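For reference, the structure is listed below as structure tokens.
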Amino acid sequence: MALTHPPKFAWTSFATTHIGKVRKINQDAYVNLPDNRLWAVADGMGGHEAGEFASAAIVNALSQLQPGKTLGGTVNAIYAQLNSVNRELVDMASAMGNHAVIGSTVAILLAQRQHFICLWSGDSRIYLLRKGQLKQLSRDHNYASKLLNDGYDLEQANNQLFSQSLIHATGVELELYLEAQMQELQSGDKFLLCSDGLTKEVSDADIESVLNTQALEQAVAQLLLQTLTAGARDNVTIVAVETSLIA
Numbered sequence: 001m002a003l004t005h006p007p008k009f010a011w012t013s014f015a016t017t018h019i020g021k022v023r024k025i026n027q028d029a030y031v032n033l034p035d036n037r038l039w040a041v042a043d044g045m046g047g048h049e050a051g052e053f054a055s056a057a058i059v060n061a062l063s064q065l066q067p068g069k070t071l072g073g074t075v076n077a078i079y080a081q082l083n084s085v086n087r088e089l090v091d092m093a094s095a096m097g098n099h100a101v102i103g104s105t106v107a108i109l110l111a112q113r114q115h116f117i118c119l120w121s122g123d124s125r126i127y128l129l130r131k132g133q134l135k136q137l138s139r140d141h142n143y144a145s146k147l148l149n150d151g152y153d154l155e156q157a158n159n160q161l162f163s164q165s166l167i168h169a170t171g172v173e174l175e176l177y178l179e180a181q182m183q184e185l186q187s188g189d190k191f192l193l194c195s196d197g198l199t200k201e202v203s204d205a206d207i208e209s210v211l212n213t214q215a216l217e218q219a220v221a222q223l224l225l226q227t228l229t230a231g232a233r234d235n236v237t238i239v240a241v242e243t244s245l246i247a
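The sequence shown runs 1 to 247 under full-length UniProt numbering.
Shown next, in the form of structure tokens:
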């Protein structure tokens with residue numbers, strides 16, 4: 001009887017970040033480490049340079065991570081690293097007083113062998129394009145998302161005061177909250193990680209169209225161009241990732 005070997009995947013990724021047309025500081029940051037099968041987006045928040053510091057702290061912690069032998073081991077290491085960052089940011093904000101916030105969203109894609117896992121806190125998003133269909137894997141950790149879960153329709157939720165206020169993010173609560181989702185990989189899967197600077201300006205339908213019709217590097221450039229054309233009211237960061245089966 002012939003032995004069946006598990007599939008092996010190759011990875012390609014491209015990333016970009018831009019200050020946008022309104023903000024004076026780019027508080028976004030990203031991780032693009034295809035050799036480690038690790039990608040992330042962080043969108044900082046806080047006055048002056050606090051948000052920039054927070055997102056950079058997350059990216060630095062993830063970039064120093066050594067992948068474990070198992071997916072679970074690497075996930076545990078990510079939790080440990082981000083817990084440390086979370087405590088540092090909370091302590092810094094507490095020392096500043098006046099209800100200061102030094103925080104950041106984080107959206108992480110990690111792959112190993114035939115599986116991938118998404119981890120996130122905040123409203124930076126992770127999308128999967130599979131067989132031409134775009135699906136948002138992450139769930140926004142903001143007040144509008146909570147209202148949708150409570151039965152409000154989309155228009156009602158978005159019209160509520162503070163609808164975009166975050167419920168969870170790194171550095172804004174004593175206990176780090178990371179939501180997770182794991183799936184099996186399929187050849188040809190494309191992933192998009194982004195800060196809300198993209199999704200404020202470009203619809204999911206347009207993201208799907210670009211990912212379906214453009215090569216990966218060109219897709220990143222095109223999505224950034226569409227964001228800038230639409231006004232780019234916020235910093236924007238885009239990380240695009242594609243898998244292919246190794247014969």
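Cβ atoms here follow ideal geometry from the backbone N, Cα and C, with glycine treated the same way.
Since the model is a prediction, treat every value here as computed from it, not as a measurement.
#1: Could you give the distance in angstroms between the alpha-carbon of Trp11 and the alpha-carbon of Ala61?
#2: Rank His141, Glu52, Trp120, Ile58 by C-alpha distance to the C-alpha of Val31 and give the top, closest one.
#3: List, from N- to C-terminal side, the beta strand (DSSP E) runs of 3 residues or more that fit wholly inside the segment 68-141.
#4: In chain order, which continuous runs of the beta strand (DSSP E) of length 3 or greater are located wholly inside the segment 182-224?
#5: Name the residue from Glu52, Leu228, His18 whose alpha carbon lies nearest to the alpha carbon of Gly171.
#6: Give every residue of the same chain whose Cβ lies closer than 7 Å to the Cβ of Leu198, excluding the five residues on either side of it in the sequence, and list them in chain order.
#7: Give me whichever residues DSSP pairs with Thr227 in a beta bridge.
#8: Which residues share a DSSP beta bridge with His168?
#9: Ends of the alpha helix (DSSP H) at Glu242?
#10: Count the CB pairs spanning the segment 111-120 and the segment 62-74 that are closer than 8 Å, and state whether there are at least three.
#11: Tell me the residue span of the beta strand (DSSP E) that contains Ala40.
#12: Assuming the contact rule is C-beta atoms closer than 8 Å, Leu178 and Leu82 should be a hit. Round their C-beta distance to whole Å, please.
#13: Tell me the rounded alpha-carbon separation between Asp153 and Val241.
#14: If you draw a straight line from the alpha carbon of Thr16 to that of His99, how long is it in whole angstroms?
#15: Do you know how far the Cα of Pro6 is from the Cα of Ile25?
#16: What residue from Ala29, Ala107, Ala50 has the CA that sits closest to Ser138's CA?
#17: Starting from the C-beta of Met1, find all residues in its chain whose C-beta is less than 6 Å away, skip the five residues before and the five after it, and write them out in chain order.
#18: For the candidate residues Leu128, Met45, Pro67, whose alpha-carbon lies nearest to that of Asp35?
#19: Tell whether a beta-carbon distance below 7 Å holds between Glu201 and Ala230.
A quick look at the data gives this:
#1: Start at 1 with the first residue of the sequence shown, and residue 11 comes out as number 11. Start at 1 with the first residue of the sequence shown, and residue 61 comes out as number 61. Distance between the alpha carbons of Trp11 and Ala61: 22 Å.
#2: For the purposes of this step, residue 31 is taken as residue 31 along the sequence shown, with counting starting at 1. By alpha-carbon distance to Val31, the top candidate from His141, Glu52, Trp120, Ile58 is Ile58.
#3: Qualifying beta strand (DSSP E) stretches, in chain order: 106-112, 115-121, 125-130, 133-136.
#4: Restricting attention to beta strand (DSSP E) runs no shorter than 3 residues, the segment 182-224 encloses them at 190-194, ordered along the chain.
#5: Translated into the one-based positions of the sequence shown, residue 171 becomes position 171. Measuring from the Cα of Gly171, the nearest candidate turns out to be Glu52.
#6: Counted from its first residue, the sequence shown places residue 198 at position 198. Leu223, Thr227, Val236, Ile238, listed in sequence order.
#7: Working through the sequence shown from its first residue, we reach residue 227 at position 227. Answer is none; Thr227 lacks a bridge partner.
#8: For the purposes of this step, residue 168 is taken as the residue at position 168 of the sequence shown. Bridge partners of His168: none, in fact.
#9: Residue mapping note: residue 242 aligns to position 242 of the sequence shown, counting from 1. Element bounds for Glu242: not the alpha helix (DSSP H) but the beta strand (DSSP E), 236-245.
#10: Short answer: they touch.
#11: Numbered from its first residue, the sequence shown carries residue 40 at position 40. If you look at Ala40, you'll find it in the beta strand (DSSP E) that goes 38-45.
#12: The sequence position of residue 178 within the sequence shown is 178, counting from 1. The sequence position of residue 82 within the sequence shown is 82, counting from 1. Distance from Leu178 to Leu82 at the Cβ level is roughly 7 Å; contact confirmed, criterion being Cβ atoms closer than 8 Å.
#13: Here residue 153 is taken as the residue at index 153 of the sequence shown, counted from 1. Here residue 241 is taken as the residue at index 241 of the sequence shown, counted from 1. Low confidence applies here, because Asp153 scores a pLDDT of 45, under 50, leaving its location unreliable; read the following figure in that light. Taking the straight line from one Cα to the other gives about 32 Å.
#14: On the sequence shown, position 16 is the one that residue 16 refers to. On the sequence shown, position 99 is the one that residue 99 refers to. Computed Cα separation, rounded: 32 Å.
#15: Numbered from its first residue, the sequence shown carries residue 25 at position 25. Numbered from its first residue, the sequence shown carries residue 6 at position 6. Answer to the nearest angstrom: the Cα atoms are 46 Å apart.
#16: Along the sequence shown, read from residue 1 onward, the residue named residue 138 stands at position 138. Selected option, being the one with the closest Cα: Ala107.
#17: Your numbering for residue 1 matches position 1 in the sequence shown. At Met1, the pLDDT of 46 sits below 50, so the modelled position is not reliable and the matter cannot be decided from this model.
#18: Residue mapping note: residue 35 aligns to position 35 of the sequence shown, counting from 1. Among Leu128, Met45, Pro67, the Cα nearest to that of Asp35 belongs to Pro67.
#19: Stepping through the sequence shown from its first residue, residue 201 is reached at position 201. Stepping through the sequence shown from its first residue, residue 230 is reached at position 230. Going by C-beta atoms, Glu201 is nearer than 7 Å to Ala230.
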